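K.L.:
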Amino acid sequence: MADRATVENGGVRPRAARTRTFDVPASGRTLDIALILGLSVAFGLVVTALVIGGSVSSFYNLPAVLIVLVGTFAVTLVSYSMSELFGAIGAVLATLLPQRHDLRLAGERSLNLAAIARDNGVLALDAVIPSVDSEPFLQRAVAMAVDGATPHQIDQVLAQEIDAIQDIRHRHAGVLRRAAEVSPSMGLIGTLIGLIQLLGNLNDPGSIGPAMAVALLTTFYGAILAYMVLAPIAAKLERNAEAELLECEIYHACAMSIARQENPRLLERMLNTKLPPSQRLDYYD
């Protein structure tokens, strides 16, 4: 069995023959500074322009807000189920504090696990599994190898799980893409409502101002919601899904290598074909 004192975040410290060591920190959630900074700067520029150009209060209109926000929610709900819509809302909130997908870290952890299995036997990984609780996919993959599943069984199960995870992630992004398409349309509908109200009450000068406000502000709100919020966050979800996919493929390859009892050097070469040049591993060099 592997010495538990040497277990560190899903692996062991490199063997004595190694000339280079790796400090492998635990995975976790990190604040997405780029998302927060981007939204803050974008909205800050808009608000600054409103303040410089006149009164900010003149850009608030409750009927226009309701037409765009509630209308976008309702029309998007027509295309998806309630659970999918609220799942997408949860995914949006999670983008503020996303799971970190460090591909080099994933590769190093995989090689550490493969080294344990190579030196101490596959059953030695049973003591390591609890230490990688921050990576549930890796836990399940390694557990299958420890339980004696064949490489074919591991490949089949993990491939199906990866497909299921990616389907959920892309469905969440699809909900936001659909909402981004609907939002400007709801703004246009609000504009038509305002213009109809305006033309129908030309004999009442007091009603022209509110009707014109609805007509213009709904288009403004629709554009803001679609192009400054929904579409960028959908792109962020798709980007995070791609990073998660590559990380899962690394852990998939790790479990397959362990089950086949391959030399970890072969796993390192294979992982380097998946990783970008800047993140490639030199574990045994």
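The numbering of the sequence shown is the working numbering, which starts it at 5 and goes up by one.
Every residue, glycine too, gets a C-beta built ideally from N, C-alpha and C.
The structure presented is a predicted model; accordingly, all values stated were derived computationally and were not measured.
Measure the alpha-carbon distance for I169 versus A46 and round it to whole angstroms.
P.N.:
Each residue's alpha carbon lies about 32 Å from the other.
K.L.:
According to DSSP, what are the bridge partners of Q164?
P.N.:
Paired residues: none, contrary to the question.
K.L.:
Would you call the CB atoms of Y255 and E272 closer than 8 Å?
P.N.:
No. Outside cutoff.
K.L.:
What's the call for L107, buried or exposed, on a 16-neighbour Cβ count within 10 Å?
P.N.:
So L107 counts as buried.
K.L.:
Do you know whose CA, among I158, E253, F224, lies nearest L192's CA?
P.N.:
Cα-wise, what sits closest to L192 is F224.
K.L.:
Look at the alpha carbon of E246 and the alpha carbon of D167, and state the distance between them as a whole number of angstroms.
P.N.:
Taking the straight line from one Cα to the other gives about 12 Å.
K.L.:
Have a look at R181 and L234 and give me their C-alpha separation to the nearest angstrom.
P.N.:
Cα to Cα, R181 sits roughly 7 Å from L234.
K.L.:
Tell me whether D159 sits in a helix, a strand or coil according to DSSP, three-state version.
P.N.:
DSSP places D159 in helix when its eight states are reduced to three.
K.L.:
Can at least three beta-carbon pairs, one atom from the region 74–82 and one from the region 182–202, be found at a separation below 8 Å?
P.N.:
The region 74–82 vs the region 182–202: in contact.
K.L.:
Indicate whether M232 and I158 have their beta-carbon atoms separated by less than 8 Å.
P.N.:
No.
K.L.:
Enumerated in chain order, which unbroken segments of the alpha helix (DSSP H) with a length of 4 residues or greater are wholly contained in the region 180–267?
P.N.:
Those alpha helix (DSSP H) runs which fall completely within the region 180–267 and span 4+ residues are 209–228, 235–264.
K.L.:
Where does R175 fall in DSSP's three states?
P.N.:
Note: R175 maps to helix in three-state DSSP.
K.L.:
Applying the criterion that 16 or more other CB atoms from any shown protein chain within 10 Å of the CB defines a buried residue, is R243 buried or exposed?
P.N.:
Label assigned to R243: exposed.
K.L.:
Restricting to Cα atoms, I'd like to know which of N276, L221, T277 is closest to L70.
P.N.:
Out of N276, L221, T277, L221 has the C-alpha closest to the C-alpha of L70.
K.L.:
Within its chain, find whatever has a CB closer than 8 Å to the CB of F63; leave out the 5 residues flanking it on each side and keep chain order.
P.N.:
The residues are L54, L221, F224.
K.L.:
Can R122 and P268 be called in contact, C-beta distance under 8 Å?
P.N.:
Yes, these two residues count as a Cβ contact at 8 Å.
K.L.:
At which residues does the alpha helix (DSSP H) containing Q283 begin and terminate?
P.N.:
Where Q283 is concerned, there is no enclosing alpha helix (DSSP H), given that its DSSP letter is neither H nor E.
K.L.:
Does the count of Cβ pairs from the region 36–46 and the region 90–104 closer than 8 Å reach three?
P.N.:
Result yes; three or more Cβ-Cβ pairs closer than 8 Å.
K.L.:
Just how far apart, CA to CA, sit G42 and A238?
P.N.:
So the alpha carbons of these two residues sit roughly 14 Å apart.
K.L.:
Does S138 come out as helix, strand or coil in the three-state DSSP assignment?
P.N.:
Of the three classes helix, strand and coil, the one that applies to S138 here is coil, per DSSP.
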